[in-house]
Amino acid sequence: MSTATAVAEPAAPSAAPPENPMSFVEEINHLLYASKGNPINTCIQCGTCSATCPVASGGFMDNSPRRIIALIRAGFKEQVLKANTFWYCASCYQCTVRCPRNIDIAELMYGLKRYTVWKTEHQEGLIGPVFSETFVKMILRTGRSYEPVLAPTYMFTYGLPEMIQEATMGTALMLKGRLPLLPARIKRLDNFKRMIKHIIPLGDKE
Ligand code: SF4
Ligand code: SF4
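19 is the number of the first residue of the sequence shown in the working numbering; add one for each residue after it.
Printed below as a string of C-alpha cells:
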C-alpha cells in the first residue's frame, strides 16, 4: 500500500515586484547609513544648523536645513524633493560639526541630491541637477571629468559677457595645452562603471 502524500505546489511567483514598504523618512535614513551621522529622527529641532548655515542665513534657501528635516519627518516628500535647499548647499559642514545630536546634515544634503536625481523629481530651472546628471553621464562614458562638456550646463544662465569670457579662457587653455581637445578615457573603464553602479542608483541615466 502506497504511503505517498500529496506535496503542496509552491506558490507561483508574483509578476509585479513588491511595493516599497519603506516610509519616506526611512528611505532618507537609509541614505545616511553610510555616513557617521545619527538618523534624522534624533533631531531636536534646535535650529543650530539653520542659524550656522551661511546659505540659509543669506536667504538663498527656500527651506532651511532644520525645516527640511522637519518636513522629511512629517512625510512631506514632494515639498522636500522640490526644495532648492540641498542644491544651494555649499558643503561647508558648519551644520554637521555644530549639531548637538551629531546628525551629518551636509551628508543629508548630498543624499537628497542623489535621491532627487534618481527619482527625477527635482525643482525645474536649477543648474545643480542638470550639472550633476551631465557629470555622472560623462564620468560613466570616459571615467574622467572634461570641462568643455560641463560648461554649457551653467554658462547660458549668465549674461553674454560672462559667456564670452568663459569661451575665451577655454580657448586660451586649449592653445596652451592645458585643456585637451577631446576627453581622455581611463583604462579598465568597465571595472570603473561597475564600481559606480554599486554606489549610485543610476536608473536609466546611462
Ligand atoms: S542642529 Fe541638529 S538637532 Fe538641531 S535642528 Fe539641526 S539637525 Fe536638528
Ligand atoms: S553644509 Fe550646507 S546646509 Fe550645512 S551649513 Fe554648510 S551650506 Fe548650510
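All C-beta atoms in this analysis are idealised placements derived from N, C-alpha and C, irrespective of residue type, glycine included.
These numbers come from a predicted model, not from an experiment.
Environment of ligand 2, chain-ordered: Cys67, Thr70, Cys71, Pro72, Val73, Ala74, Pro83, Cys107, Ala108, Ser109, Cys110, Tyr111, Gln112, Cys113, Thr114, Ile123, Ala124, Met127, taking every residue with Cβ within less than 7 Å of a heavy atom. Ligand 1 approaches Arg119 closely enough that one of its heavy atoms is under 7 Å from the residue's Cβ. With respect to the 8 Å criterion, Ala101 and Thr160 are not classified as neighbours on the basis of their beta carbons.
The region 102-114 and the region 134-147 touch, with three or more beta-carbon pairs separated by less than 8 Å.
A residue is called buried when at least 16 other Cβ atoms come within 10 angstroms of its Cβ; Gly76 does not meet this threshold and is exposed. With respect to the C-alpha of Lys95, the residue from Gln112, Cys113, Phe42 having the closest C-alpha is Phe42. Put simply, of Leu200, Gln112, Asn81, Ile121 the residue whose alpha carbon is nearest the alpha carbon of Pro57 is Ile121. Ranking Ala88, Ile123, Leu158 by CA distance to the CA of Met213 puts Leu158 first. About 5 Å separates the beta carbons of Thr70 and Gln112, which is inside the 8 Å limit, making them a contact pair. Annotated three-state conformation of Thr66 is helix, per DSSP. Rounded to the nearest angstrom, the Cβ distance from Leu197 to Glu165 is 6 Å, consistent with a contact under 8 Å.
Of the candidates Val167, Val115, Ile182, Ile87, Ile87 places its Cα closest to the Cα of Asn59. Nearest in C-alpha terms to Cys110, of all of Thr134, Ala74, Arg132, Asn209, is Ala74.
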